[in-house]
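1 is the number of the first residue of the sequence shown in full-length UniProt numbering; add one for each residue after it.
For every residue, glycine included, the Cβ atom is placed at its ideal position computed from N, Cα and C.
Have a look at the structure below before the remarks.
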Amino acid sequence: MISRAFSKVNKNQLIKTVTTNRIVSCNNRNNKSQLIQSFSTSTENNNNNSNNSNEQNQQQQQQQQQHQKEQQPKKLIKELGFFGGLVAAGLGGFWVIDMIVNDDFDSFTDKFRTRLPESERKKRPKIVILGTGWGSLCFLRKLHTDLFDVTIISPRNYFLFTPLLVGGTTGTVEVRSIMEPIRKYCKRADADDATFYEAECLSVDPVSKKVKCFDNSAVKGEVSEFELEYDHLIVGVGADNQTFGIPGVKENACFLKEINDTRNIRDKILDCLETASYPGQPEKEIDRLLNFVVVGGGPSGVEFTAELNDFLQSDLLKTYPLAKRINVTLVEALPHILTIFDKKIIDHVEKRLQSSNNTKIWTKTAVVGVREKEITVKNTSTKEESVHPYGLLVWATGNTPRKITTQIMQSIGSDVQNNRRGLVVDDYFRVAGADGIWSIGDASINPLKPLAQTAQVASQQGRYLGRLFNQLADEMNNDLIKKRENPEAHKEQQKEKQQQEKANLFNSITGSNKSFEEAVKEKPLFRYKHMGTLAYVGDHQAVAEFKGDHSTTVSEGYITYYLWRSVYFTKLLSFRNRALVSFDWLKSSIFGRDISRG
Ligand SMILES: Cc1cc2nc3c(=O)[nH]c(=O)nc-3n(C[C@H](O)[C@H](O)[C@H](O)COP(=O)(O)OP(=O)(O)OC[C@H]3O[C@@H](n4cnc5c(N)ncnc54)[C@H](O)[C@@H]3O)c2cc1C
1 MISRAFSKVN KNQLIKTVTT NRIVSCNNRN NKSQLIQSFS TSTENNNNNS
51 NNSNEQNQQQ QQQQQQHQKE QQPKKLIKEL GFFGGLVAAG LGGFWVIDMI
101 VNDDFDSFTD KFRTRLPESE RKKRPKIVIL GTGWGSLCFL RKLHTDLFDV
151 TIISPRNYFL FTPLLVGGTT GTVEVRSIME PIRKYCKRAD ADDATFYEAE
201 CLSVDPVSKK VKCFDNSAVK GEVSEFELEY DHLIVGVGAD NQTFGIPGVK
251 ENACFLKEIN DTRNIRDKIL DCLETASYPG QPEKEIDRLL NFVVVGGGPS
301 GVEFTAELND FLQSDLLKTY PLAKRINVTL VEALPHILTI FDKKIIDHVE
351 KRLQSSNNTK IWTKTAVVGV REKEITVKNT STKEESVHPY GLLVWATGNT
401 PRKITTQIMQ SIGSDVQNNR RGLVVDDYFR VAGADGIWSI GDASINPLKP
451 LAQTAQVASQ QGRYLGRLFN QLADEMNNDL IKKRENPEAH KEQQKEKQQQ
501 EKANLFNSIT GSNKSFEEAV KEKPLFRYKH MGTLAYVGDH QAVAEFKGDH
551 STTVSEGYIT YYLWRSVYFT KLLSFRNRAL VSFDWLKSSI FGRDISRG
């Protein structure tokens, strides 16, 4: 039994070997010629020799097979290495371009910087930063936190990417995708962490150098107010919504500045449609509910009108039978919308928006009164007034200083701080009339070199000031030691300095503080680099304007729309935000925008 089984196994193995050899000889084209060659040789030889040569052939084949088997993984590794190298080079290239575009090369070179030893970090200047917006965050990102003791105060614990905020009102992007937790930026692996307090700054005392803050959130503990001392205060609180004091605006209009505003607007659009659909709703009331008014023909107002139109055409008309009755009116007091742009762009956008049956533009029209369900407007040429019912009113008419900015201005004195736009600063962003207060972004204005209130300006100013502080760290420290050694003399010097500044606003060198002042003046001045102005105008079209020294280039249409998207994609601060926003864009283009409320 055993020998039978054994012989059966041997037979099977023999058949298997022969089959394998055949497959190998068929499959292997390279070996084929050798096989033929060996076959022809074997026929010339006698039968005894042919057996030997067959064995040799088989051995050769086996060796080649073995060699091939050994070579295959190496080849795979080589190919993988090549493609991996390509991907790595692509990512590396993108990273370098990204750093250049975002002026962020020093975030890499700083990794090799020598840090201030831990033992010397106790006596560093105290810096308090107000705000977590464009200016403040860009300042913080450039600051060497080993050289300063940094505290940030803001009523919101996140940074908001405002250029894509309008998309949040209709659900083109989800609002969480354009928010970044500020604590992520407080955490510094390479130096000291910055401290963050979620609070609103109520007041600043420029003489005692203290800020008073309070907790304006829903959850309050036993301590809801506190004071902090500063050596240097950075005011980056942005600006408030401009209402021109028109009665009823604050109570009835939706603004377009914060995350809550976008949720509020989206909810109201859908609520108006749902309420209009009630059985028995009078026709007049349906018309009122579906009359949407946007006040302000600047980039924010125009972009919102365009987004609303997209939302209507692509999503609402498909699901709400009444959506075709929606009427969008863009109201602007000036003769044209988008006045910061070139005339060619203005004409193009005005035509584009009005080509939609649902959209109208009222220029030379000023809103003079707002009530719960109607607005009163006045034609600026004829002075005629008329009343219009509305369901949704969106207010996007520009900026005015925040309460805290006005408080700082008043505490310094209206003889120095008297600009309607905000805190008057010099070329280095030092607030005129105050010692150790600096201001950037929408909260400040250099009357000699005024710039637009944009994220582009605020971010460049923040980066400049962060770098300036790093360069001035030594002088700031010496200055601080002097103050601590003789506080009374310092107070006197402060008063003297303020008086001198008031007398000579932009030439504020004081004898007491000369070394620091001189050090500041030696530093390069801030130079704003304008990268162009872009705006989305609806239906996958955008407009762009690039101003050179002698010429202006304008562009409009679909390609500009992709440029608009690419620019904002690269400007998003983190890879997380970039991934989320790309996903949102893809999601809304495939599945449409979400039309559920809440
Ligand atoms: C809808 C919209 C779209 C925009 N689109 C563009 C665009 O496409 N391109 C562009 O360049 N600009 C754009 N802007 C303008 C840009 O957002 C602002 O110019 C920029 O945000 C100003 O930066 P900032 O740092 O001065 O203030 P902000 O970014 O507004 O930040 C202010 C910070 O201060 C905080 N704060 C407020 N009060 C206090 C207080 N009392 N104490 C402490 N902290 C306080 C706020 O919570 C916030 O964190 C847009 C603005 C809006 C509203």
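Residue environment analysis places M476 among the buried positions, since at least 16 neighbouring C-beta atoms fall within 10 angstroms of its C-beta.
At least one heavy atom of ligand 1 sits closer than 8 Å to the Cβ of A239. With a threshold of 16 other beta carbon atoms within 10 Å, E225 falls short and is exposed. For T109, the enclosing alpha helix (DSSP H) stretches over residues 106–109. A straight-line Cα-Cα distance of about 19 Å links G433 and P450. Around the Cβ of E307, a 10 Å sphere holds 16 or more other Cβ atoms; the residue is buried.
According to the DSSP assignment, Y197 belongs to no alpha helix (DSSP H) but to the beta strand (DSSP E) extending over 195–198. With distances taken between CA atoms, D539 lies nearest to Y562 out of Y562, K523, H67. Residue state for E556 is assigned as strand, using DSSP reduced to three classes. For M179, the enclosing beta strand (DSSP E) covers residues 179–181. In the displayed model, T400 falls within a strand according to three-state DSSP. Look at the stretch 145–181 and you find these whole runs of alpha helix (DSSP H), each 4 residues long or longer: 165–170. DSSP places A452 outside both helix and strand once states are collapsed to three, so it counts as coil. For K111, same chain residues with a beta-carbon under 8 Å away, outside a window of 5 residues either side, are D190 in chain order. Ranked by Cα distance from V370, the options L392, R352, S356, N358 are led by L392. At least one heavy atom of ligand 1 falls within 8 Å of the beta-carbon of P163.
Taken through DSSP and simplified to helix, strand or coil, H67 comes out as helix.
When rounded, the separation of the alpha-carbon atoms in L316 and G296 is 24 Å. In the displayed model, F341 falls within coil according to three-state DSSP, outside both helix and strand. Per DSSP, A443 lies in no alpha helix (DSSP H) and is assigned neither H nor E. Counting of Cβ neighbours within 10 angstroms places N52 among the exposed residues, the total staying below 16. The continuous alpha helix (DSSP H) containing N577 extends over residues 575–591.
From the listed residues V367, L586, K324, the smallest Cα separation to A333 is found for V367.
Remark: the shortest separation between the CB of F159 and any heavy atom of ligand 1 falls under 8 Å. The C-alpha of T400 is placed about 8 Å away from the C-alpha of R420. An exposed status is given to P282, since fewer than 16 other beta-carbon atoms sit within 10 Å of its beta-carbon.
When the beta-carbon positions are compared, R325 and D271 stay at least 9 Å from each other. Here F159 is near T132, since their CB atoms are less than 9 Å apart. In the three-state reduction of the DSSP assignment, E372 falls in the coil class, being assigned neither a helical nor a strand state. Across the structure, R402 and F255 are spaced so that their CA atoms are roughly 15 Å apart. CA-CA distance, R565 to L480, rounds to 46 Å. Here the alpha carbons of Y197 and G436 stand approximately 21 Å from one another. Bridge pairing for A366: K378 [DSSP].
Here the stretch 248–262 makes no contact with the stretch 436–446; the two share fewer than three CB pairs at distances below 8 Å. The beta-carbon separation of A396 and G298, rounded to 7 Å, stays under the 8 Å limit for a contact. When distances are taken from the beta-carbon of K403 to the heavy atoms of ligand 1, the shortest one is below 8 Å.
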